[in-house]
Amino acid sequence: MRSYVYAFIAAGLVLVPAAVSKLFTFECCVNSDADLSGFSVGENLAKFSFVPLIGWIEAKHSLFVIAVMLMLTLIVFSFIRLLECAFRCCCKGSKFWSAFTVLLAVLVGFVRSERGEDFFDRQIEVVGGTTAAKLVFTSLLFCRGDFSSLSSLYREYVSPGFWSEEHLALQVEAASFFDNRGAEIILPTMIPVLNSTQCKRTLDSIHKLRDYWKHANVTAGPFPMFTLGHASYLHGNRTNLNFVLQKEFEWLYDIVIHSLENYLGDKVYLKEGANLPGFHLYLSSFVWGFPVARVHSDIQYSDQFQTDESHSLGSKKVISFTLPIHLPLLGSHGLFTYTANQTSPELKVRKFPKFVREMHPYKVGHLVIHGGLLIHQIAPSFMGLPGDGRITLQGHGFYDSELKSWALYW
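Quick note: the sequence shown uses the working numbering, first residue 746, plus one each step.
Listed below in structure tokens is the structure:
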């Protein structure tokens, strides 16, 4: 009788998410590479389905993901229960179980650390191997019912932003390459720009142009990360969608330009022959609840407009800006910044040995401006509903000393 119950539960775990994924679907991106006439020059149609607990995912992967979720759940918990029963029968005590868990974790760490091909890679893998060992140990304790390990799991592996603090430090060090070249570092400033009606108008237009979205499949795989417009860090300098953006969002560009002129004190214009500021769209997915975003500084100016190979900005003034149009209903959303010292007592801060990380919260309709060379990272956002998402207008700017004005692009 019990086997029939388990069979019905297993069937429900597959059929219910499968049914939901068929009900919540959308298509997009068919014109993401449209030419100037508005017609697609490639077949880029993408279809996404909403899977409970997972979020939006490419429809062709949805059933596979559901099946994998079920299989992994059954395998992990069956394995843990089997080991626990075996050791309780043989060893009559929890100390032996804990000892076995430690040995298993150490074994995983050793295997992970042996993957390095040279000395430098081996040192990085040792860091990852040690962390993996701790992760296995903590995860097994949690699955066994030790819920006190949950806070440790978050603190050690999720909160730092990467596998460990050592890995985070390596990312910050790599991103700081351009920060010591003499360019001015501008800390984030937030100013109100749009009201709720204007945000809704923008969001409606974004969804109306769904055929022009571009799925960042190389960066995000089957998960729902899109752009509307071309981002130079992803697509290079491609202006073929500028006519679509200019027609639909000319009023929005005028507001942003006016706000930037008031803040910067100089004339601001859209750079001719460059990508217009466009939109990042992170739709609901469990993935965005983890710190998967890369720690970086915005060096697009060097890549797009410098002809030499020095990659030195000197005293060139650059900015980046973000305008949140729609944010998830729950949790905090914003930008992590990494600096040598704490910059404000009002910000949520976490201190590391060589730097501090501050959380700059976002507000819908408020423009966030900072120096692009400031080391930063998209903060995690927890999204669980089909309508959730993190949708922002993105852009960069540089100061043209000859025109005494700021040129905007993306």
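Ideal placement from N, C-alpha and C gives every residue a C-beta, glycine not left out. This structure is a prediction, so every number in the text was calculated from the model and none was measured.
Spatial distance of residue i from residue j (CA atoms)
{"i": "residue 973", "j": "residue 934", "result": "25 angstroms"}
{"i": "residue 980", "j": "residue 1041", "result": "17 angstroms"}
{"i": "residue 1003", "j": "residue 805", "result": "44 angstroms"}
{"i": "residue 1108", "j": "residue 1144", "result": "27 angstroms"}
{"i": "residue 1095", "j": "residue 946", "result": "37 angstroms"}
{"i": "residue 1142", "j": "residue 1124", "result": "22 angstroms"}
{"i": "residue 1130", "j": "residue 1118", "result": "34 angstroms"}
{"i": "residue 990", "j": "residue 1021", "result": "8 angstroms"}
{"i": "residue 1046", "j": "residue 1127", "result": "32 angstroms"}
{"i": "residue 977", "j": "residue 1099", "result": "31 angstroms"}
{"i": "residue 1016", "j": "residue 1140", "result": "11 angstroms"}
{"i": "residue 987", "j": "residue 941", "result": "25 angstroms"}
{"i": "residue 778", "j": "residue 1009", "result": "34 angstroms"}
{"i": "residue 1097", "j": "residue 1104", "result": "14 angstroms"}
{"i": "residue 1090", "j": "residue 1067", "result": "23 angstroms"}
{"i": "residue 1082", "j": "residue 795", "result": "32 angstroms"}
{"i": "residue 1101", "j": "residue 992", "result": "42 angstroms"}
{"i": "residue 1152", "j": "residue 1018", "result": "11 angstroms"}
{"i": "residue 686", "j": "residue 1077", "result": "Any property of residue 686 remains undetermined from this structure, which presents the chain solely from 746 to 1155."}
{"i": "residue 960", "j": "residue 1075", "result": "25 angstroms"}
Residue i in three-state terms, based on DSSP
{"i": "residue 996", "result": "helix"}
{"i": "residue 1016", "result": "coil"}
{"i": "residue 1133", "result": "coil"}
{"i": "residue 974", "result": "coil"}
{"i": "residue 1002", "result": "helix"}
{"i": "residue 1040", "result": "coil"}
{"i": "residue 1024", "result": "strand"}
{"i": "residue 1151", "result": "strand"}
{"i": "residue 914", "result": "helix"}
{"i": "residue 950", "result": "helix"}
{"i": "residue 959", "result": "strand"}
{"i": "residue 1066", "result": "strand"}
{"i": "residue 1009", "result": "helix"}
{"i": "residue 1031", "result": "helix"}
{"i": "residue 920", "result": "helix"}
{"i": "residue 1124", "result": "coil"}
{"i": "residue 1143", "result": "strand"}
{"i": "residue 989", "result": "helix"}
{"i": "residue 934", "result": "strand"}
{"i": "residue 777", "result": "coil"}
For residue i, the first and last residue of its enclosing alpha helix (DSSP H)
{"i": "residue 978", "result": "977-980"}
{"i": "residue 1087", "result": "No alpha helix (DSSP H) contains residue 1087, which DSSP labels as neither H nor E."}
{"i": "residue 799", "result": "First-last for residue 799: undefined, no H or E at that position."}
{"i": "residue 963", "result": "962-965"}
Opening and closing residue of the beta strand (DSSP E) in which residue i lies
{"i": "residue 773", "result": "770-773"}
{"i": "residue 1078", "result": "Taken as a continuous stretch (DSSP letters only), residue 1078 belongs to no beta strand (DSSP E), as it is neither H nor E."}
{"i": "residue 1095", "result": "1093-1096"}
{"i": "residue 1113", "result": "1111-1115"}
{"i": "residue 1102", "result": "1101-1106"}
Chain-order list of residues whose beta-carbon lies under 8 angstroms from that of residue i (same chain, five-residue window excluded)
{"i": "residue 951", "result": "973, 1024, 1026, 1070, 1136"}
{"i": "residue 1063", "result": "928, 1043, 1046, 1116, 1117, 1118, 1141, 1142, 1143, 1144"}
Same chain, Cβ closer than 6 angstroms to residue i, five either side skipped, listed in chain order
{"i": "residue 949", "result": "none"}
{"i": "residue 1111", "result": "935, 937"}
{"i": "residue 1038", "result": "1122, 1123"}
{"i": "residue 1146", "result": "none"}
{"i": "residue 1005", "result": "1013"}
{"i": "residue 968", "result": "1030, 1032"}
{"i": "residue 906", "result": "Bear in mind that the predicted position of residue 906 carries a pLDDT of just 49, short of 50, making it unreliable; the figure below should be weighed with that in mind. The answer, listed in chain order, is 913, 1036."}
{"i": "residue 863", "result": "At residue 863, the pLDDT of 46 sits below 50, so the modelled position is not reliable; the number obtained from the coordinates is stated separately. Once the five neighbours on either side are set aside, residue 863 has no close Cβ partner at all."}
{"i": "residue 792", "result": "772, 804"}
Contact set for residue i: own chain, Cβ-Cβ below 7 angstroms, skip 5 residues either direction
{"i": "residue 965", "result": "none"}
{"i": "residue 917", "result": "1040, 1083, 1100, 1120"}
{"i": "residue 1150", "result": "1011, 1012, 1013, 1014"}
{"i": "residue 1086", "result": "1101"}
Check: residue i C-beta below 8 angstroms from any heavy atom of the ligand NAP
{"i": "residue 1064", "result": "For the ligand NAP, the structure offers nothing, since it holds no ligand at all."}
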